[in-house]
Amino acid sequence: MFDDGKEILIDIGIDPKSGQNIREIGSDIAKDELLLAKGIRLGASEIGLLALSGRKTVLVYSKPKICVLSSGDELIDFINLPNNGENEWPIDGVIDTNRPVLISLLLEEGFDPIDCGIAKDSEEELINSIKNAFSKSDILVISGGVSMGEKDLLKSTLNKHFNLKINFGRVYMKPGLPSTFASGIGLDGRPKLVFGLPGNPVSAFVTSHLFVIPQLRRIAGLDINWENIKINVELSNSIPLLDSRPEYCRAIYLHPNKLNSIPSIPKVKCLFKNKISSNLLSTRSANLLLELPSKEEEEKKGNFSGIKSGDVINALIIGKL
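The working numbering applies: residue 421 is where the sequence shown begins, and numbers increase by one.
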């Protein structure tokens with residue numbers, strides 16, 4: 421010890437005994453205790469346990485490679501934009517935000533995304549873009565081309581030219597009604613998976629968390645925690661207008677000011693100025709998706725005023741809290 425810069429020596433006065441303060445064999449890890457179960461993700465602690473056990477190699481699944489493609493004549497690749505908006509941006513198109521968002525989400529999950537660019541709204545170009553994607557990976561995530569417009573060609577193209585089965589092409593939810601999933605044996609004899617996401621940025625963000633990420637976790641070998649964890653949360657703001665469809669609202673977890681005041685049910689704030697599915701700002705910092713009931717479901721319970729502040733609802737965790 422030190423007192424005013426001077427070292428002080430302390431005399432214990434008791435002789436140590438042989439074996440004192442030595443942990444018993446097996447106190448850290450007992451014999452035959454399971455260290456790592458099959459299907460878990462290897463993180464820092466898991467790597468430490470492997471080192472402790474003396475295992476230098478283990479069998480792991482390879483990281484899935486996923487091609488990411490956008491579709492639409494109106495899309496502008498943000499890479500081709502002037503730096504920092506120094507010059508006027510084109511006004512005859514829409515900046516493609518889906519590809520950078522989806523690629524970033526896949527990277528956050530530890531996957532290996534491949535940027536396959538933008539396909540124009542023609543059957544020939546879409547076919548060539550999908551062929552290019554399938555030459556690099558057996559999994560394709562494509563945004564756009566799945567609505568009801570004349571140029572929304574994805575489902576017919578996958579079925580007609582790639583012999584893939586459309587497992588579903590509509591989901592009764594908001595946002596994400598035209599979400600599509602196709603699968604089958606490709607022209608090269610290998611299994612193929614295609615996730616067709618809506619072109620609206622918020623729709624693509626939400627459906628990627630609900631459909632794409634969980635399924636890719638399973639493909640990557642995760643048997644544990646591959647689904648989004650669901651928790652109960654308390655709303656800090658009201659949501660007066662419910663939709664006719666069940667809805668997933670972006671939200672952020674509100675950290676308590678004091679550690680000793682953590683509530684049993686965490687409070688959250690719904691992130692929206694409006695419910696427009698192009699409003700990418702409503703996804704900023706979002707780490708939860710609130711499961712909002714349909715308007716009809718609530719009215720059957722006698723609730724005609726929407727979800728109020730203080731109400732407890734379900735939420736899916738999509739980011740770090």
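Where a beta carbon is used, it is the ideal one built from N, C-alpha and C, also for glycine.
Classification of residue i by the beta-carbon crowding that lies within 10 angstroms, buried from 16 upward
i    : result
S473 : exposed
H629 : buried
S664 : exposed
S557 : buried
R670 : buried
R519 : buried
Y668 : buried
F724 : exposed
V622 : buried
R475 : exposed
For residue j and residue i, the rounded distance between their alpha carbons
i    : j    : result
L525 : K721 : 37 angstroms
K458 : L479 : 10 angstroms
V566 : I449 : 53 angstroms
I534 : L501 : 21 angstroms
T477 : V653 : 42 angstroms
T577 : P634 : 25 angstroms
I550 : I499 : 21 angstroms
I523 : N548 : 21 angstroms
S563 : E544 : 17 angstroms
N583 : D608 : 11 angstroms
P436 : K451 : 29 angstroms
G726 : C690 : 13 angstroms
S438 : P676 : 49 angstroms
I496 : S705 : 25 angstroms
V626 : L709 : 8 angstroms
V614 : I445 : 52 angstroms
Residues near residue i by beta carbon distance below 6 angstroms, same chain, minus five either side
i    : result
D532 : K483, K485
P388 : Residue 388 falls outside the range modelled here, since the chain spans only 421 to 741, and no answer is possible.
V591 : S599
I460 : I644
F588 : F601
Residue i (DSSP reduced to helix, strand or coil)
i    : result
E494 : coil
I547 : helix
F588 : strand
L614 : The residue you asked about is not Leu; residue 614 is Val in the sequence shown. Three-state DSSP puts V614 in a strand.
P533 : strand
T600 : strand
7 angstroms Cβ shell around residue i - same chain, five flanking residues per side excluded
i    : result
N579 : I586
E494 : G513, V514
Nonlocal neighbours in the same chain, by C-beta distance under 8 angstroms from residue i, ignoring five residues either side
i    : result
G606 : F554, D558, F582, N583, L584, K612
A624 : N518, V521, L522, S563, L617, P618
Exercise for the section: Run through the segment 464 to 495 for me and flag every whole alpha helix (DSSP H) of 4 or more residues, listed as ranges in chain order. Expected result: 464 to 473
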